[in-house]
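A.B. asks:
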Amino acid sequence: MNFDFSDDQKLIQKTARDYLAQHAPLSVCRRVLEGNERYDAALWKGAAEMGWLGAAVPEEYGGSGLGHLELVLIAEEIGRSLAPIPFSSSAALATEALLVAGSEAQKKKLLPRLCSGELIGTLAVAEGTGDFDVATPGTRIEGGRVTGEKLPVSDGDVAGIALVLVRDGSGASLALVDLEAPGVTRTSLESLDPSRSQAKLGFSNVPAEIVGASGKGREIVSKVLDRAAVVMAFEQLGGAQRALDVTRDYALGRYAFGRPIASFQALKHRFADLFCAIELARSNAFYGAWALSHGNDELPLAACGARIAATDAFELAAKDMIQIHGGVGYTWEYDCHLFYRRAKLLGLVLGSASEWREKLMTRLEAREAA
Amino acid sequence: MNFDFSDDQKLIQKTARDYLAQHAPLSVCRRVLEGNERYDAALWKGAAEMGWLGAAVPEEYGGSGLGHLELVLIAEEIGRSLAPIPFSSSAALATEALLVAGSEAQKKKLLPRLCSGELIGTLAVAEGTGDFDVATPGTRIEGGRVTGEKLPVSDGDVAGIALVLVRDGSGASLALVDLEAPGVTRTSLESLDPSRSQAKLGFSNVPAEIVGASGKGREIVSKVLDRAAVVMAFEQLGGAQRALDVTRDYALGRYAFGRPIASFQALKHRFADLFCAIELARSNAFYGAWALSHGNDELPLAACGARIAATDAFELAAKDMIQIHGGVGYTWEYDCHLFYRRAKLLGLVLGSASEWREKLMTRLEAREAA
Amino acid sequence: MDFNDTAEEAAYRAKARAWLDANAEPVDPNEPSGDPLAEREDDDMIRSAKAWQAKKFDAGWACITWPKEYGGQGGTTMQSVIFNQEQSKFKTPPPIYTIGHGMLGPTIMTHGTPEQKTKHLRTMARGEEIWCQLFSEPAAGSDLAGLRSTAVRDGNDWVLNGQKIWSTGAHFSKWGMIVVRTDPNAAKHAGLTYFILDMESKGIEIRPIKQINGGSGFNEVFYADVRVPDSNRVGAVGDGWRVALTTLMNERVAIGAGSATGGFRHLLKLARDAKRGGRPAIEDSAVRQKLAELWVTQQGLKYTGFRTLSALSQGKIPGPEGSIGKAVGAPMAQEMAALAVELQGPLGATRDAAATLHEGLWQGMWLATPGIRIAGGTDEILKNIIAERVLRLPPEVRLDKDMPFRDVPTGPPSK
Amino acid sequence: MDFNDTAEEAAYRAKARAWLDANAEPVDPNEPSGDPLAEREDDDMIRSAKAWQAKKFDAGWACITWPKEYGGQGGTTMQSVIFNQEQSKFKTPPPIYTIGHGMLGPTIMTHGTPEQKTKHLRTMARGEEIWCQLFSEPAAGSDLAGLRSTAVRDGNDWVLNGQKIWSTGAHFSKWGMIVVRTDPNAAKHAGLTYFILDMESKGIEIRPIKQINGGSGFNEVFYADVRVPDSNRVGAVGDGWRVALTTLMNERVAIGAGSATGGFRHLLKLARDAKRGGRPAIEDSAVRQKLAELWVTQQGLKYTGFRTLSALSQGKIPGPEGSIGKAVGAPMAQEMAALAVELQGPLGATRDAAATLHEGLWQGMWLATPGIRIAGGTDEILKNIIAERVLRLPPEVRLDKDMPFRDVPTGPPSK
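Chains L, D, G and S, in that order, give the protein sequences.
In terms of the working numbering, the first sequence opens at residue 1 and continues consecutively.
In terms of the working numbering, the second sequence opens at residue 1001 and continues consecutively.
In terms of the working numbering, the third sequence opens at residue 2001 and continues consecutively.
In terms of the working numbering, the fourth sequence opens at residue 3001 and continues consecutively.
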């Protein structure tokens, strides 16, 4: 048994960590959060140059041809650094959608541009408040043209292409839309975490091509979401671990009543609970990574476990981070709110933990019935 | 505003507490729990003599004619002492059912015997695992005779009468059944808290009379349950407070690492949480008592609040009681398990907290819609 | 047991109501309530708050529980509660006098000199001058007595240096009440002294603190050689902790009285408007169970407040149940906001007023509520208080209590 | 990253499997597992356990990680895990050797005299004699070093007096390992000494402890003037705590390895069989959300175990994640049992085998699980361990550490 990453993989992770420590200190996240940039373009370029965006893309499509085990470790580091780049939208959602369902021509045309970072992609499914995964999209495709509205779309205001779930006759299909095309309107939404962009996309008779089998849009989205959920679980895990580490250091250095606050048992036990939550999330994420990289039947369940545990762990870590920091944790100046916002954003963009728990039960029941 | 009990009422409570301290130390509960008695007959007689069983029954029916505010305070003391008597079945469920829906003749005939303790009554609604409140009873009445099976029935093996929810034509009615009648079979079930008896009742063509309007059985049961829930909330509250008090004393006297374990912050915070849970439950129970004694429209919501909060508080108190006691708390010899069992029994006999939360939401929505 | 006013209470309520009807505009109960932590106040708001307070004072409705000699009405706590209950049904300016009237005034009454009482209490009651509290410091939050600001005697004056933080309203206050260390060689609690500080003194700099929700209700206040006359000292030199405790005791009363129970109806409405699995979220059993739990907790807090009021109404001292308001209410508020955000799904992660339900209100709440769990006593401090003062469990082992303050460790040993 | 055995591991597994196939009967995976805390064992069980252990020993499958010179196989931890994994698929007698093989044997190897090793290790490995551990006392549970049993030197013997508690299997053990206080004037941890005790010695009385679930897996053991030869001393006089730590370290390994993750499938089945609102409970969203949470936690524990095994498999030291098994698993087990009981509604409050779902299994679990949260380290002690040993947070303030043991407070000051 070797339920761990290889030394080579860990080296790739270490390289990513070092790169981000240098190029993406928390001040970078803060700059985007406070300013008018929608993401950090220099860092995005760097990520592309490091080969991160195409880590799991075969070399023939411009990727580095490593694999998903490498991709998730990079995601963990992006999570740890709270990097303000559209990584999950482009390198997980859009890229995985093309890998899963794209035609050879689509892959040849788009993947190299996604891997190079020249093109940003995203996936547009949700239509307003509620679940991520809409049963019957209101957005339609007719005669190869898409009309409707999608929101929220992660990084939809900076993406060049979107894979859009559309109603297609009596079913749903996945449509590839050029967001520069006439008839597309893009409106930035005020993000709860402004270092990660969210948008509303309007389509009025916009030309599109179908990705994957016509009428199979929901199945494809489901597969893509599972893959992205595993990648994002590592991103969440990285964020959660960083939150724990920063808070631990703070609590060791902050003295009250003549002792470090980390010596008070109520806080020690909270740290222990948090450690447990993070390690359980890590184990679930590992399992997800194994299933993803082996492309086997375990992925649908493993992805649910990875997403739910990682969402809970990061949200708990960020919430405790503010509480344990006390007053300063509630100030804009301290970094706690960057984590609090990012945890909530990541926990919702692919659908809430509740939505995934419901999905998990449906899948568990199906497997038990089988 | 006077959201408190009167001095007279508190005096009645004090008298009950003193009586039970003398006649129902925990060893009495333990004796019934360990032995073959189904309840403590001497204590039951005493409860009747003290006027507790008819506290809320008018004097014309043999009661003490006090009121529900007095009844709930007595219930609190019964809860505190873990008294092994069928108080809630007889003095809350059966007695309230007759008060709510009984005919003048039924009340005249039965209430004096219930108040004197000579007759034990109960309410039989559930039919197997699941909710307490069955939508369509399988037990039927036809030509004035009842056939079917009810389980579990609290104190059904020691009761002389039961008010049984039966299917009656297309609706449901409440039927009064003499449990000594031919055709009744009574089987004791092994109770999770053997100091409170549970039984299965079988009916085969047993003569019965209808209580209240025919076809209105579910409405009557709903009203009776609300009243019993408030009474039992005080019983739960008494148990929870006793559990807290006993555990606090233990934690102050038990030394580890040269200090009382009550000085460890993790335990202190758990005590604080428990105190909050109990006080919230007390406030909800007060509100329930007010609504019950004023017989007003607030009762349906107030009863839900009282039951849910009291169930949660007592279960938490009993669980923490074992954990804080440590090893000895897990022994048969210590009293912790008496509380652990009683908390679970009371929390389930009128339907689980989940069932009541669902009921609460239905009622809240109906009120919001009105 | 009943919820009705006594005859006297009813009469008082009617009188208050009549005056309010004549002098203020009623609130629309269906209007959503705003952010729980007020944003930075502007001059107009200050002006209108001062005008409203003066109006109340002149009509005999200000500082109801204060003795008449200090500008109050010599009334009961219950009368004050009744007036506040009625006032809350009307549109009135934000409460900028809470700290002065609830905490600082009573401290002056207990520990102040006759001159201080004469000079300050009536103008404070009429709201002509606003007061702020200057206790917390960057290194003295939960451990308030660990404060390090200093005052050194210089002739008839004291010279103050240091920094305070979390001072609500410092930027529009004329006066502050401050605790500083006058003897670093004494034990922690023994070396403190309490002063009234003119906020317009030379050497004071006030900087707003930006909160994570973008608001700035609090300030940092810096002191560089600020001179305070000894006549502004409250209580004896070295007796500042005892004086401060009077202020803090009154803080508990002031905070406890205002346990907010609103918001649930809005959450219920949100659950009707939000969708889960394509159906209204309120039909989802998991959502229903959660809502029911929150309702029960909220009801518990509400009726716990009623129990406290009952005791006051009958002239008794309220029981220990009053302590739970903030310990339970603050985490509950955060939980409610988190649920409301989650119910909106991915769109919950935006604050777009047009796209979200309830115009982003809940996202604002979600950003504001972590502060409620910290300000005025963290969850942890409140649980310590319940454990130690209510349940009488042993205090924490305290190593810093009896040593000279300058020897108390304030950070990790240097390596 | 893969779950497969290495080639050597696969070969070892095949060999183990072949031997087990030839010597034991496979388990039916659909058979429900019983109570998690074993009932008091009877003579037949002891006989069959001894026979099985002897059989394993003779075939080379006993104490796989022990050195060959002591009756082991000189194998790796991974080999031991593989054998145990395979063995768990077969019906075998209850594990009455866990404490001896996992904790006491290794202690003798580290601290015992050559004579002790020769005399005991091989018979222990073959299971001819059963061993128990005698550490805890009524006044020394979580605070193990606070023990008060005494031993006084008398010629070549020591004379033991006192009481031990929570001694699993003391009633069928030939030998025990005991820590007692030999110097009450020394500091708490300094005055202890460790002995091997013949459980058939005169003056020993063993009483079973009845648990709240009716079972009796544990004992109280009383000692009145029990004589132990000095040759049975393990380690130096006064060095008992250090020796005991060796035993306890091995306890963590032994317990951590067995994190149970079964039970979820049964719970799922129960949710299908139970009704809520007249429909199968598994259709209720609140139940589904709760089940999903439990599944995720259980998966987390399972794969955390895999991470530990991976480290072992690669000859590395497992990471800190191994500490969480009991801290998370024990409360989870109680939660699962409580859910299963609640799902049955009022009938959940009975244990009637015919009337309840799953024949009262869950009610039994509900009574048993509080013990799991206490035995072998309470939730609180485990969190302290995680906080202090894994996260390296500061230890509790300890006032009792350096004072003579006889002066350490053991109860409230008398009034």
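Quick reminder that beta carbons are idealized off the backbone N, C-alpha and C, glycines included.
Do we get a CB-CB distance below 8 Å when we pair A251 (chain L) with the residues of chain B?
C.D. replies: Reference to chain B is not applicable here, since the protein chains of this structure are L, D, G and S.
A.B. asks: Are the C-beta atoms of S3259 (chain S) and some chain L residue less than 8 Å apart?
C.D. replies: As a working note, residue 3259 (chain S) is residue 259 in the fourth sequence. Its pLDDT being 42, under 50, S3259 (chain S) is placed unreliably in this model, and the coordinates cannot settle the point.
A.B. asks: When you check each C-beta in the region 3286-3310 of chain S against every C-beta of chain G, which residues fall closer than 9 Å?
C.D. replies: A3286, V3287, R3288, Q3289 and K3290
A.B. asks: Give me the chain D residues within the contact set of K2383 (chain G), using Cβ-Cβ distance strictly less than 8 Å, ordered along the chain.
C.D. replies: As a first step, residue 2383 (chain G) must be located in the third sequence, where it is residue number 383. The contacting residues are K1268, H1269, A1272 and D1273.
A.B. asks: I need the straight-line Cα distance from A1353 (chain D) to E1279 (chain D), nearest angstrom please.
C.D. replies: Walking along the second sequence from the start, residue 1353 (chain D) turns up at place 353. Walking along the second sequence from the start, residue 1279 (chain D) turns up at place 279. When only Cα atoms are considered, A1353 (chain D) and E1279 (chain D) end up about 18 Å apart.
A.B. asks: Would you say M1232 (chain D) and A1075 (chain D) are within 8 Å of each other, going by their C-beta atoms?
C.D. replies: If you number the second sequence from 1, residue 1232 (chain D) lands on position 232. If you number the second sequence from 1, residue 1075 (chain D) lands on position 75. Between M1232 (chain D) and A1075 (chain D), the C-beta spacing is below 8 Å.
A.B. asks: According to DSSP, what are the bridge partners of S103 (chain L)?
C.D. replies: Numbered from its first residue, the first sequence carries residue 103 (chain L) at position 103. Beta-bridge pairing links S103 (chain L) to no other residue.
A.B. asks: Any C-beta of chain L sitting closer than 8 Å to the C-beta of E3335 (chain S)?
C.D. replies: Here residue 3335 (chain S) is taken as the residue at index 335 of the fourth sequence, counted from 1. No - not a single Cβ of chain L is within 8 Å of the one on E3335 (chain S).
A.B. asks: Expressed to the nearest angstrom, what Euclidean distance is found between the alpha-carbon atoms of W3418 (chain S) and T3123 (chain S)?
C.D. replies: Residue 3418 (chain S) lies beyond the residue range present for chain S, which begins at 3001 and ends at 3415; the question has no answer from this structure.
A.B. asks: What in chain G is Cβ-close to M1361 (chain D), meaning under 7 Å?
C.D. replies: In the second sequence, counting from the first residue as 1, residue 1361 (chain D) sits at position 361. Near M1361 (chain D) (Cβ distances below 7 Å), the residues of chain G are R2288, L2291 and A2292.
A.B. asks: Suppose you measure from the CA of A2125 (chain G) to the CA of K2068 (chain G); what does that come to, to the nearest Å?
C.D. replies: What you label residue 2125 (chain G) is simply residue 125 of the third sequence in a count that begins at 1. What you label residue 2068 (chain G) is simply residue 68 of the third sequence in a count that begins at 1. Here the alpha carbons of K2068 (chain G) and A2125 (chain G) stand approximately 11 Å from one another.
A.B. asks: Decide if Q1022 (chain D) is buried, meaning its Cβ has at least 16 other Cβ atoms within 10 Å, or exposed.
C.D. replies: Stepping through the second sequence from its first residue, residue 1022 (chain D) is reached at position 22. Answer is exposed; the Cβ neighbour count stays below 16.
A.B. asks: Counting only beta-carbon atoms, is F1264 (chain D) nearer than 8 Å to chain L?
C.D. replies: Numbered from 1 along the second sequence, position 264 holds the residue referred to as residue 1264 (chain D). For F1264 (chain D), the answer is yes, since a Cβ of chain L falls inside 8 Å of its Cβ.
A.B. asks: So N1284 (chain D) is in the alpha helix (DSSP H); what residue range does that whole segment cover?
C.D. replies: One-based indexing of the second sequence puts residue 1284 (chain D) at position 284. Its alpha helix (DSSP H) spans residues Q1265 to H1294.
A.B. asks: Skipping 5 residues on each side, what residues in its chain have a beta carbon closer than 8 Å to that of G2319 (chain G)?
C.D. replies: Along the third sequence, one-based indexing puts residue 2319 (chain G) at 319. Excluding sequence neighbours, G2319 (chain G) sits near R2307, T2308 and A2311.
A.B. asks: Count the other CB atoms within 10 Å of the CB of S3048 (chain S); is the residue buried (16 or more) or exposed (fewer)?
C.D. replies: Looking up residue 3048 (chain S) in the fourth sequence gives position 48. Classification for S3048 (chain S): exposed.
A.B. asks: Chain L beta carbons: is any one of them nearer than 8 Å to that of P3467 (chain S)?
C.D. replies: This structure leaves residue 3467 (chain S) out entirely; chain S is present only between 3001 and 3415.
A.B. asks: What did DSSP end up calling Q3211 (chain S) once you bin it into helix, strand or coil?
C.D. replies: By 1-based counting over the fourth sequence, the position of residue 3211 (chain S) is 211. Here Q3211 (chain S) sits in strand by DSSP.
A.B. asks: So, does the region 2211-2231 of chain G touch the region 2239-2253 of chain G, judging by three or more C-beta pairs under 8 Å?
C.D. replies: Here the region 2211-2231 of chain G does not lie against the region 2239-2253 of chain G, with fewer than 3 beta-carbon pairs under 8 Å apart.
A.B. asks: Examine chain D for any beta-carbon lying closer than 8 Å to the beta-carbon of F2003 (chain G), and answer yes or no.
C.D. replies: Indexing the third sequence from 1 puts residue 2003 (chain G) at position 3. Taking Cβ atoms only, chain D reaches closer than 8 Å to F2003 (chain G), which makes this a yes.
A.B. asks: Go ahead and label P1086 (chain D) buried or exposed: buried means 16 or more other beta carbons lie within 10 angstroms of its beta carbon, across all protein chains shown.
C.D. replies: As a first step, residue 1086 (chain D) must be located in the second sequence, where it is residue number 86. Burial state of P1086 (chain D) is buried, judged by a 10 Å Cβ sphere holding 16 or more other Cβ atoms.
A.B. asks: Rounded to the nearest angstrom, what separates R145 (chain L) and G217 (chain L) at their Cα positions?
C.D. replies: The residue you call residue 145 (chain L) lines up with position 145 of the first sequence. The residue you call residue 217 (chain L) lines up with position 217 of the first sequence. C-alpha separation (whole angstroms): 16 Å.
A.B. asks: Using the beta-carbon of each residue, which ones in chain L are nearer than 7 Å to S2149 (chain G)?
C.D. replies: Looking up residue 2149 (chain G) in the third sequence gives position 149. Those do not exist, as S2149 (chain G) stays about 16 Å from chain L at its closest Cβ, beyond 7 Å.
A.B. asks: Assuming I3374 (chain S) and G1326 (chain D) are in contact, meaning their beta carbons sit under 8 Å apart, how far apart are those beta carbons, in whole angstroms?
C.D. replies: The residue labelled residue 3374 (chain S) in the question sits at position 374 within the fourth sequence. The residue labelled residue 1326 (chain D) in the question sits at position 326 within the second sequence. Contact between I3374 (chain S) and G1326 (chain D) holds, with the beta-carbon distance rounding to 6 Å and staying under 8 Å.
A.B. asks: For S2313 (chain G), return the contacting residues in chain D, with the cut-off set at a CB-CB distance below 7 Å.
C.D. replies: Stepping through the third sequence from its first residue, residue 2313 (chain G) is reached at position 313. Under the 7 Å cutoff, chain D gives M1001 and N1002.
A.B. asks: With 16 other CB atoms within 10 Å as the buried threshold, where does R2279 (chain G) fall?
C.D. replies: Here the question's residue 2279 (chain G) lines up with position 279 in the third sequence. With fewer than 16 Cβ atoms within 10 Å of its Cβ, R2279 (chain G) is classed as exposed.
A.B. asks: Looking at the structure shown, is M1001 (chain D) part of a helix, part of a strand, or coil, going by DSSP?
C.D. replies: Position 1 of the second sequence, counted from the start, is the residue given in the question as residue 1001 (chain D). It is coil, neither helix nor strand.
A.B. asks: Show which residues of chain D have a CB atom less than 8 Å away from the CB atom of E2321 (chain G).
C.D. replies: Here residue 2321 (chain G) corresponds to residue number 321 of the third sequence, with the count starting at 1. Going along chain D in sequence order, the residues near E2321 (chain G) (Cβ under 8 Å) are E1279, R1282 and S1283.
A.B. asks: Please state if the CB of L2134 (chain G) and the CB of K2164 (chain G) are separated by a distance shorter than 8 Å.
C.D. replies: Numbered from its first residue, the third sequence carries residue 2164 (chain G) at position 164. Numbered from its first residue, the third sequence carries residue 2134 (chain G) at position 134. Yes. Within cutoff.
A.B. asks: Who are I1210 (chain D)'s beta bridge partners in DSSP?
C.D. replies: Along the second sequence, one-based indexing puts residue 1210 (chain D) at 210. Under DSSP, I1210 (chain D) takes part in a beta bridge, and its partners are D:A1175.
A.B. asks: Return yes when at least one heavy atom of the ligand SAH lies under 7 Å from the C-beta of L53 (chain L), else no.
C.D. replies: Annotation note on the ligand SAH: not contained in the displayed structure, which lists no ligands.
A.B. asks: Just to confirm my understanding: we take L1073 (chain D), look at its own chain, exclude 5 residues before and 5 after, and list those with CB closer than 8 Å. What are they?
C.D. replies: Within the second sequence, residue 1073 (chain D) is the residue found at index 73, counting from 1. Closer than 8 Å at the Cβ level, and outside the excluded window around L1073 (chain D), lie F1005, Q1009, K1010, I1012, Q1013, A1016 and F1234.
A.B. asks: Does the distance from the C-beta atom of L3391 (chain S) to that of R248 (chain L) stay below 8 Å?
C.D. replies: Position 391 of the fourth sequence, counted from the first residue, corresponds to residue 3391 (chain S). Position 248 of the first sequence, counted from the first residue, corresponds to residue 248 (chain L). Yes, these two residues count as a Cβ contact at 8 Å.
A.B. asks: Provide the residue(s) that pair with Q3163 (chain S) in DSSP beta bridges, ordered along the chain.
C.D. replies: For the purposes of this step, residue 3163 (chain S) is taken as the residue at position 163 of the fourth sequence. Beta-bridge pairing links Q3163 (chain S) to S:F3222.
A.B. asks: Going by the beta-carbon positions, is the gap between A2340 (chain G) and L2267 (chain G) smaller than 8 Å?
C.D. replies: Taking the third sequence and counting its residues from 1, one reaches residue 2340 (chain G) at position 340. Taking the third sequence and counting its residues from 1, one reaches residue 2267 (chain G) at position 267. Closer than 8 Å, so yes.
A.B. asks: Near L71 (chain L), what residues of its chain come up, given a Cβ to Cβ distance below 7 Å and the 5 sequence neighbours on each side ignored?
C.D. replies: Position 71 of the first sequence, counted from the first residue, corresponds to residue 71 (chain L). The residues are A55, A56 and V231.
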